[in-house]
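Heads up, the thing below is written out as structure tokens.
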Amino acid sequence: MKKQVITLFKITVSLCLLIIVSINADAQVGKKLTKHKSEDPMAGKVKPIITSPTAGSTIDGPFVLVGRAEPNTAINVYVTPVYRLPKSPDGKPILVVSTPQHEHQQFNAKADANGVWQSPLIEVRFDSKTTDRRIFAFVNQIWGSYTYETKNIEYFASPKLTMMMKTVKMPLKSNK
């Protein structure tokens, strides 16, 4: 009797496994599931770029960035001065990215009907003691909940871009 119950149990378990496997096999016969790529809202649209001045050029005075983007859209332009200060007390040069004297600058621009945008006049000045002066710029464009950014474009700063360090004499006010 005990042997018959064990045999019946084995047959029942085998039958259940066979049914489960056949259901899975039928499910796999149908159309296979494929992962759909999410739609890029900028597909077919112009992504923002900086066209002038070209990357790696030397900036020797106030300059204007020009680029292309989706027509009639707002563009944010970011400019960051990067430089090395004279050696620190421990003898190592200090790389500085924006300080209150040389702040990160942000500008807004609007692409025209042809998709061309132009920044306002940008002026970056460095302390005359700094070395390895560079200017990094990038733009971004917000499209719905997506933000599209260009890569950082590096420009070299001419030695002409220094702050004028001179004292200014102010006339005294008379106490009348």
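Counting in numbering that gives the first Met the number 0, the sequence shown runs from 0 upward without gaps.
For glycine and all other residues, C-beta sits at the position ideal for the given N, C-alpha and C.
None of these values were measured; they are calculated from a predicted model.
Check	Outcome
Nearest-angstrom beta carbon gap, Thr149 and Ala110 [assumed within contact, 8 Å]	Their Cβ separation, rounded to whole angstroms, is 14 Å, which puts Ala110 and Thr149 out of contact at 8 Å.
Pairwise C-alpha distance: Gly60 and Asn107	20 Å
For Pro80 and Tyr145, the rounded distance between their alpha carbons	27 Å
Closest Cα partner of Asn75 within the set Lys159, Ile141, Pro158, Gln3	Ile141
For Lys2, the three-state DSSP class (helix, strand or coil)	helix
Three-state secondary structure assigned by DSSP to Lys159	coil
N-terminal and C-terminal residue of the beta strand (DSSP E) that Asn139 is part of	130 to 142
Cutoff 6 Å; reference Val130; Cβ partners in own chain excluding five residues on either side	It should be pointed out that residue 130 corresponds to Thr in this sequence rather than to Val. These residues qualify, in order along the chain: Arg83.
Pick from Asn151, Leu160, Pro158 that is closest to Thr53, judged by C-alpha positions	Asn151
Ile74: first and last residue of the uninterrupted beta strand (DSSP E) it sits in	73 to 84
Residue burial classification, Ser118 (beta-carbon count within 10 angstroms, cutoff 16)	buried
Spatial distance of Arg124 from Pro158 (CA atoms)	10 Å
6 Å Cβ shell around Val12 - same chain, five flanking residues per side excluded	none
Reduced DSSP category for Val123 - H, G, I as helix; E, B as strand; rest coil	coil
Distance between beta carbons of Arg133 and Leu160, contact taken as under 8 Å	That belief does not hold up - the Cβ atoms of Leu160 and Arg133 are roughly 11 Å apart, past 8 Å.
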